[in-house]
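The structure appears below as structure tokens.
Residue numbers (our numbering): 4 to 758.
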């Protein structure tokens with residue numbers, strides 16, 4: 004068996020120091036070798052020798068002349084044989100001097116000099132020889148760096164930033180020095196800004212585009228948003244069926260409350276002024292095996308007002324149409340509002356017991372609004388009912404239950420409650436009383452509520468019959484007391500754990516309301532800010548509410564608007580009618596993010612004030628082609644601009660320089676056009692594209708310049724490309740946004756409603 008080898012033995016055999024070999028072993032991965040006396044096996048010894056050959060590199064080692072072979076020492080000359088003294092040569096030896104006498108000391112000194120002097124000289128010579136050898140054999144060890152290639156950092160082309168954005172934050176996210184951004188702001192945009200100064204939205208976007216980065220600016224999250232994001236998601240096994248929420252809409256005096264009165268078997272309508280509902284109310288009724296929640300509203304205006312505030316309460320709409328009156332203007336408005344909300348519609352043809360009732364005429368009229376009965380091959384359910392006699396009420400409930408089963412509305416009753424406000428009011432002795440519908444979770448007495456601009460602990464809960472209860476589940480309408488302020492209809496409520504969280508949400512909501520009131524004169528949707536108002540996506544849509552003076556003007560306007568647009572941008576008339584602009588039109592415009600086109604009609608003072616308060620723009624026209632031309636221009640503004648390449652110049656590389664701080668610099672001669680800093684460049688060699696990127700720097704006689712014209716020399720540094728050579732061609736270009744126009748071949752777009 005082969006014996007182990009000591010480290011110092013390997014070092015001696017290779018002619019290097021033991022300490023150096025130990026360091027080489029550490030670099031090569033032999034961490035267990037820490038001393039020159041450590042022993043290794045023959046195989047490891049061989050690996051260590053190879054590693055030493057690979058990693059050992061002497062630095063500044065003096066070149067030594069090969070040692071001459073030692074000359075054979077000359078044989079000492081034979082010493083003369085000592086002559087044996089004769090008796091005649093022998094001198095008499097004097098007697099020894101007494102010890103301590105001067106003669107004895109002098110004799111001892113004579114005896115020591117010949118012996119000690121050569122010994123000191125030899126010691127000095129040996130010391131000098133040793134120092135000389137150490138000076139010659141002293142080496143500096145330089146280890147070879149085992150460097151791994153660093154992966155190139157991928158530059159982000161799309162980033163998101165939270166408002167407000169300062170110069171420092173923009174510099175950190177773009178990876179650009181602050182001084183460069185300040186220089187661009189000053190020279191390119193004429194804006195003087197310090198490092199901590201905030202920039203407006205447009206300036207941030209311009210700086211991002213200059214560096215080919217798309218910046219998405221986001222509003223900071225409110226306390227309510229953070230609270231909603233912290234809520235856990237419902238697992239499918241926790242979801243249980245809940246009662247659907249049904250709203251009754253239709254023309255005034257067509258019998259909405261009478262039908263609901265018959266359903267819940269009460270006489271509410273008789274106790275109200277004029278038999279017309281004045282307040283929002285909700286009721287829950289039970290069929291054989293299902294529970295249904297009905298909302299009785301004073302009309303579609305309140306229904307839309309709740310939706311405008313973000314409350315998606317209703318799951319289904321029952322459109323009530325009187326069989327003797329037929330389709331009326333408010334019936335059409337109710338259809339448009341229900342479609343804008345995206346809910347299922349069931350038609351209840353009421354008053355079929357009257358002698359002049361004509362249910363078939365109602366079906367024919369509604370077919371013009373794309374509500375075709377199932378018996379005619381459509382998808383809308385029609386039920387003939389009579390609120391006074393109760394005829395068809397059971398069939399209507401069965402139809403609603405069937406539609407609810409198809410909708411599959413579910414909720415999680417085991418989580419904290421959340422829902423929407425139907426109405427709120429002050430009552431003497433009870434404080435703020437809020438009518439709500441629990442949409443998810445279970446509401447219990449003592450829960451801390453956050454509700455719009457109000458908050459507070461639930462003191463009492465009353466059901467739809469006025470009885471006090473301890474808790475309310477999903478889909479149940481209840482009245483609660485305990486809030487510190489009166490919320491608005493459509494506000495959402497949420498049960499939170501801490502009172503401080505609810506107070507913070509309420510304060511932020513009040514601040515948003517205050518800012519909204521300060522910006523009352525600012526319109527929400529106009530033809531000028533339409534591009535910023537429409538959400539980005541594959542299809543852009545222009546919502547319009549059209550009001551005209553006569554039916555003869557309304558029909559050609561609808562046809563002209565339906566022909567506008569193509570597959571990318573389109574026009575949708577969500578509501579059209581004959582008559583002046585009403586408050587209902589303003590509410591629908593606010594909820595649907597649309598603007599109102601008034602053709603030869605006007606809006607009264609009340610409507611104008613309401614439109615100004617809600618930020619709704621009303622456009623007045625007298626000529627049809629003015630409407631179509633302006634809508635056509637607005638649609639072209641929605642089209643994404645087409646990017647086209649514009650060549651700026653071309654330069655020839657005549658010399659290259661390597662600068663450690665910048666990399667390889669190309670000394671160029673501009674043959675045509677101009678070379679512009681921060682522009683796109685292509686590097687071409689032998690008619691082959693090598694690199695397509697950006698120009699990071701442009702210099703002329705050691706000065707940074709913005710552009711260099713034809714016939715001048717310059718230095719160019721191409722970002723991300725370090726292999727440029729003499730003879731290469733650098734093309735400079737930029738992408739220009741070209742405004743697009745609608746093509747002549749348009750796809751007709753269907754409007755939201757037809758006359």
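Ideal Cβ placement from N, Cα and C applies to all residues, glycine included.
Below 8 Å on the Cβ atoms is my guess for residue i versus residue j; work out the distance and round it to an integer in Å.
i, j, result
"residue 651", "residue 679", "6 Å"
"residue 386", "residue 374", "Actually they do not touch by this definition, with Cβ atoms about 13 Å apart."
"residue 247", "residue 319", "6 Å"
"residue 475", "residue 445", "7 Å"
"residue 31", "residue 16", "Going by Cβ atoms, the distance from residue 31 to residue 16 rounds to 17 Å, so no, they are not a contact pair."
"residue 478", "residue 245", "4 Å"
"residue 430", "residue 436", "5 Å"
Which class does residue i belong to by DSSP, given the choice of helix, strand or coil?
i, result
"residue 617", "helix"
"residue 33", "coil"
"residue 55", "helix"
"residue 254", "coil"
"residue 293", "coil"
"residue 19", "coil"
"residue 316", "coil"
"residue 325", "strand"
"residue 445", "strand"
"residue 661", "strand"
"residue 652", "strand"
"residue 435", "strand"
"residue 208", "helix"
"residue 160", "coil"
"residue 188", "helix"
"residue 592", "helix"
"residue 247", "coil"
"residue 198", "coil"
"residue 468", "coil"
"residue 181", "helix"
"residue 234", "coil"
"residue 585", "coil"
"residue 13", "helix"
"residue 6", "coil"
Near residue i, what residues of its chain come up, given a Cβ to Cβ distance below 8 Å and the 5 sequence neighbours on each side ignored?
i, result
"residue 738", "646, 647, 648, 649 and 683"
"residue 180", "174"
When the Cα atoms are used, what is the spatial distance from residue i to residue j?
i, j, result
"residue 590", "residue 610", "10 Å"
"residue 623", "residue 599", "9 Å"
"residue 442", "residue 499", "16 Å"
"residue 333", "residue 203", "45 Å"
"residue 6", "residue 128", "41 Å"
"residue 382", "residue 696", "57 Å"
"residue 457", "residue 586", "27 Å"
"residue 377", "residue 350", "11 Å"
"residue 469", "residue 402", "29 Å"
"residue 13", "residue 130", "28 Å"
"residue 449", "residue 509", "18 Å"
"residue 287", "residue 316", "14 Å"
"residue 338", "residue 404", "21 Å"
"residue 208", "residue 667", "31 Å"
"residue 41", "residue 122", "40 Å"
"residue 384", "residue 364", "16 Å"
"residue 506", "residue 461", "15 Å"
"residue 726", "residue 29", "37 Å"
If I measure Cβ to Cβ from residue i and keep anything under 7 Å in the same chain, skipping five residues before and after, which residues do I get?
i, result
"residue 621", "584, 599, 601, 606 and 614"
"residue 272", "Because the pLDDT of residue 272 is 45, which lies under 50, any placement of that residue in the model is unreliable, and the number read from its coordinates should be weighed accordingly. Excluding sequence neighbours, residue 272 sits near 260, 261, 264 and 278."
"residue 258", "323, 325, 353, 354 and 390"
"residue 595", "343, 546 and 577"
"residue 630", "560, 600, 602 and 624"
"residue 184", "170, 173, 174 and 210"
Within its chain, find whatever has a CB closer than 6 Å to the CB of residue i; leave out the 5 residues flanking it on each side and keep chain order.
i, result
"residue 634", "567"
"residue 111", "Confidence in residue 111 is poor, its pLDDT being 48 and thus under 50, which makes the residue's placement unreliable; the coordinate value appears in the next sentence. No residues qualify anywhere along the chain."
"residue 545", "574"
"residue 760", "Residue 760 lies beyond the stretch modelled for the chain, which goes from 4 to 758, so this question has no answer here."
"residue 134", "none"
"residue 712", "677"
With 8 Å as the threshold, decide whether the Cβ of residue i is near any Cβ in chain C.
i, result
"residue 559", "This model lacks chain C altogether, as it is built from one protein chain only."
Which runs of the beta strand (DSSP E) fall wholly inside the stretch 472-524 and span at least 3 residues, in chain order?
-> 480-486 and 495-499
Let me know the alpha helix (DSSP H) ranges lying completely inside the stretch 350-406, each 4 residues or longer, listed in chain order.
-> 362-370
Uninterrupted beta strand (DSSP E) stretches inside the stretch 688-724 (no shorter than 3 residues) | 691-703 and 716-721
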